[in-house]
Amino acid sequence: MGPHPAVAAIRLAVRRVLHDLLTDHSRTPEKAAAATAAPEGARAPGRAERPAPLVLVACSGGADSMALASALAFEAPKLGIRAGGVTVDHGLQPGSGLRADEVVLRLRELGLDPVESIAVTVGREGGPEAAARDARYAALDDAAFRHGADAILLGHTRDDQAETVLLGLARGSGIRSLSGMAAVSGADGRYRRPFLHLDRQTARKACMVQSLPVWDDPHNADPAYTRSRLRHEGLPALEKALGKGVVEALARTAQLSRDDADALDAWASQAEASVRDASGQLECAKLYALPPAVRRRILRRAAIEAGAPAGSLFARHIEEVDRLITGWRGQKAINLPGKVVARRQGGRLVIRQG
Numbered sequence: 037m038g039p040h041p042a043v044a045a046i047r048l049a050v051r052r053v054l055h056d057l058l059t060d061h062s063r064t065p066e067k068a069a070a071a072t073a074a075p076e077g078a079r080a081p082g083r084a085e086r087p088a089p090l091v092l093v094a095c096s097g098g099a100d101s102m103a104l105a106s107a108l109a110f111e112a113p114k115l116g117i118r119a120g121g122v123t124v125d126h127g128l129q130p131g132s133g134l135r136a137d138e139v140v141l142r143l144r145e146l147g148l149d150p151v152e153s154i155a156v157t158v159g160r161e162g163g164p165e166a167a168a169r170d171a172r173y174a175a176l177d178d179a180a181f182r183h184g185a186d187a188i189l190l191g192h193t194r195d196d197q198a199e200t201v202l203l204g205l206a207r208g209s210g211i212r213s214l215s216g217m218a219a220v221s222g223a224d225g226r227y228r229r230p231f232l233h234l235d236r237q238t239a240r241k242a243c244m245v246q247s248l249p250v251w252d253d254p255h256n257a258d259p260a261y262t263r264s265r266l267r268h269e270g271l272p273a274l275e276k277a278l279g280k281g282v283v284e285a286l287a288r289t290a291q292l293s294r295d296d297a298d299a300l301d302a303w304a305s306q307a308e309a310s311v312r313d314a315s316g317q318l319e320c321a322k323l324y325a326l327p328p329a330v331r332r333r334i335l336r337r338a339a340i341e342a343g344a345p346a347g348s349l350f351a352r353h354i355e356e357v358d359r360l361i362t363g364w365r366g367q368k369a370i371n372l373p374g375k376v377v378a379r380r381q382g383g384r385l386v387i388r389q390g
């Protein structure tokens, strides 16, 4: 008799990702060698001595990430992959350090090694949710570097993807926001999300049938947080009005939007050189000739390169800069986040700080 269907589903999802990682690892031996380079003066290991790939799971102790940890612990040894875990203590709730210690213990009981808890300080920039996310990813990046990890698995599910799409729609930030979370992201494809095609209930069921203890973060039910309101009020209201299948449709929209956004980004990258003069300045007449979706991508990239924080740069900012090209009437410079200023001078678009 095989495992419960929920357990089989999460293990299959992780197995597929691990197979992809092994393929990537075999294609880039120089990357693996660099990650395991011997200290100065020590004998460099030969090809056969190189350690197996290391995959870490980011685990909060919740059902999604505990299900992911259990699947990684089961599948990794069968493929000759080392498996470890990291939990991040955001310090935002009383007793968070003790809970982080409990998660470390659970991960070790699953057989994961190395395992560690990382305490972070959460700032205020961008709001509490964004600040916590930034601190968390910075800690995970640091853990990957210190341990020489090939990848970090994240437990985002199809439900999380649907919420992300709706949040992007509410911001009105364009097709890239509608594309949600990528299955592979980060430097060198560091972050992998095996569960984007699985619903949250499958992960929770897998934990239940395996008797895995889980922790439900009270922030996930706190109406003070936008995502929490969307999860407990917004999505149920949509399903009531439109019927079941809203989550699946939103996740499908994310993938279709990502494909379109990737194609437009590639077009913009190719077109950017053609709209700059010999000194590298953007020429307004040549920008005007481009399709709006391509032109605005070039403008956004130029603003970010000038110092505007990507997370604070919204569609309305780029639309104002775009009017310097498409609706030029001698208007003043446009102030952008990060003290970046965009102005039109002599048929050129100048975007720089100050």
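Count along the sequence shown from 1, add 36, and you get the number used in this note's numbering.
Yeah, the Cβ is synthetic: ideal placement off N, Cα and C, and Gly gets one too.
Looking at the structure shown, is residue 211 part of a helix, part of a strand, or coil, going by DSSP?
Reduced to three states, the DSSP call for residue 211 is helix.
Assuming residue 87 and residue 57 form a contact by the criterion Cβ under 8 Å, report the distance between their Cβ atoms to the nearest whole angstrom.
Not a contact, Cβ separation roughly 14 Å.
Residue burial classification, residue 241 (beta-carbon count within 10 angstroms, cutoff 16):
buried
In this structure, does DSSP put residue 393 in helix, strand or coil?
Limits of the chain in this structure are 37 at one end and 390 at the other, which puts residue 393 out of reach.
Does the beta-carbon distance from residue 283 to residue 189 come in below 8 Å?
For the pair residue 283 and residue 189, the CB atoms are not nearer than the 8 Å cut-off.
First and last residue of the beta strand (DSSP E) that includes residue 153?
151-155
Cβ atoms of residue 286 and residue 202: under 8 Å apart, would you say?
yes
Residue 140 and residue 152 - do their beta-carbons sit closer together than 8 Å?
The Cβ atoms of residue 152 and residue 140 lie closer than 8 Å to each other.
Three-way DSSP call (helix, strand, coil) for residue 305 in this model
helix
Exposure label - residue 55; buried when at least 16 CB within 10 Å:
Residue 55 is exposed by the Cβ-count criterion.
Starting from the C-beta of residue 390, find all residues in its chain whose C-beta is less than 7 Å away, skip the five residues before and the five after it, and write them out in chain order.
Around residue 390: 375, 377.
Would you give the residue range spanned by the beta strand (DSSP E) that residue 388 belongs to?
384-389
Distance CB(residue 322)-CB(residue 305) smaller than 8 Å
no
Which whole runs of the alpha helix (DSSP H) in the segment 245-271 are 4 residues long or more, in chain order?
As far as the segment 245-271 is concerned, its whole alpha helix (DSSP H) runs of at least 4 residues are 262-265.
Comparing C-alpha positions only, which one of 135, 113, 164 sits nearest to residue 258?
Per the Cα distances, 164.
Determine the DSSP secondary structure at residue 121, reduced to helix, strand or coil.
strand
Measuring only the C-alpha atoms, how far is residue 77 from residue 133?
Because the pLDDT at residue 77 is just 44, under 50, the model does not fix this residue reliably, and the value given afterwards should be weighed accordingly. If I take the Cα positions, the gap works out to 39 Å.
Cα-Cα, which of 129, 345, 196, 249 is closest to residue 267?
196
Quick one: what's residue 94 bridged to in DSSP?
122
Beta-carbon proximity check, residue 146 vs residue 105, cutoff 8 Å
Cβ atoms of residue 146 and residue 105: closer than 8 Å.
With the cut-off set at 8 Å, would you say residue 185 and residue 92 are in Cβ contact?
yes
Use the C-beta contact count for residue 315: other C-beta atoms within 10 angstroms, 16 or more gives buried, fewer gives exposed.
Exposed: under 16 other Cβ atoms inside 10 Å.
Candidates 126, 183, 179, 131, of which the one nearest residue 166 by Cα:
126
Work out the CA separation of residue 357 and residue 381 for me, nearest whole Å.
13 Å
How many angstroms separate the CA atom of residue 216 from the CA atom of residue 288?
10 Å
Beta strand (DSSP E) segment containing residue 344, residue limits:
Taken as a continuous stretch (DSSP letters only), residue 344 belongs to no beta strand (DSSP E), as it is neither H nor E.
Whole-angstrom distance between residue 327 and residue 341, CA atom to CA atom:
About 21 Å.
Taking the beta carbon of residue 231 as the centre, do at least 16 other beta carbons fall within 10 Å, making it buried, or is it exposed?
buried
Local conformation of residue 79 per DSSP, three classes:
Confidence in residue 79 is poor, its pLDDT being 44 and thus under 50, which makes the residue's placement unreliable; the coordinate value appears in the next sentence. Looking at residue 79 - three-state DSSP - the assignment turns out to be coil, as it is neither helix nor strand.
Of all the options 325, 256, 349, which has the alpha carbon lying nearest to the alpha carbon of residue 336?
349
Enumerate, from N- to C-terminal direction, the unbroken alpha helix (DSSP H) stretches of 4 or more residues contained entirely within the segment 163-188.
164-183
To the nearest angstrom, how far is the alpha carbon of residue 210 from that of residue 324?
20 Å
Which same chain residues, not among the five before or five after residue 38, have their C-beta less than 8 Å away from its C-beta?
Excluding positions up to five away in sequence, the list reads 44.
Of the choices 237, 272, 192, 135, whose alpha-carbon is the least far from that of residue 221?
192
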